[in-house]
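Contents: one structure, followed by commentary.
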Amino acid sequence: MPVYTIETTRFLPSYRHRTYRDDTVAGACRQAVEDKDWRGMTLDRECAGETFVSGIWKGAEASRSTPPVPIPSHFEESIQRRARQFEVLHGLLKMLLADVRAGRPSSDEWIERAASAVARGDAIMADARDPDEPTDNGGAADDVSPAGERP
């Protein structure tokens, strides 16, 4: 049975309370965001972020000593997964909109890509594997067993 070294990460937010003077709320917020002095900050242990996989290496105690193994997207940081999906959907929407504006039908390839992106978006929203991502038993996550259940 293979052995893997897995690096997991979670972010621990910190916060500070400071007073800023400005004519507008937006101006005070800008000052707060641009303020680089974090002395006196407080770690917010009650609001720690999700735990996600940030690195995988084949072998025991192999971190950074061997080439990394690709991380299944379901185990990546959710916000990064969603940001990548947003980029994909934005690009597809631009292509489909260009077809509509030009008065031409969208190609089957772009429609298929859009359908795939929607299915992946549904998986992301459900915190599930991507539909085309392999499962632990070697099949694709969208493979349906004879009983109609997911593997």
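Residue 172 in the working numbering is what sits at position 69 of the sequence shown, and the numbering runs on without skipping anything. Note that CB positions come from ideal geometry on N, CA and C, so glycine has one too.
In this structure, how does DSSP classify Ile159 when only helix, strand and coil are distinguished? strand
Under a Cβ-count criterion, where at least 16 other Cβ atoms within 10 Å of its own Cβ denotes burial, should Trp160 be classed as buried or exposed? buried
Are the CB atoms of Trp213 and Ala195 within a distance shorter than 8 Å? The sequence given here has Leu at residue 195, not Ala. The answer is yes: Cβ separation under 8 Å.
Contacts around Glu137, its chain only, beta-carbon distance under 8 Å, and the 5 residues preceding and following it disregarded: none
Helix, strand or coil: how does DSSP classify Ile109 here? strand
Could you check what DSSP says for Leu146 in three-state terms: helix, strand or coil? strand
Of the residues Thr122, Arg113, Cys150 and Gly152, the one placed nearest Asp140, counting alpha carbons only: Thr122
Continuous alpha helix (DSSP H) assignments of at least 4 residues falling wholly in the segment 151-227: 181-205
Asp126 to Cys132 span [Cα, whole Å]: 11 Å
Does the structure place the segment 170-178 close enough to the segment 146-159 that three or more beta carbon pairs sit under 8 Å? yes
Using the beta-carbon count (16 or more within 10 Å), is Ala163 buried or exposed? exposed
Count the other CB atoms within 10 Å of the CB of Asp233; is the residue buried (16 or more) or exposed (fewer)? buried
Alpha carbon of Ala222 to alpha carbon of Arg216, nearest angstrom: 10 Å
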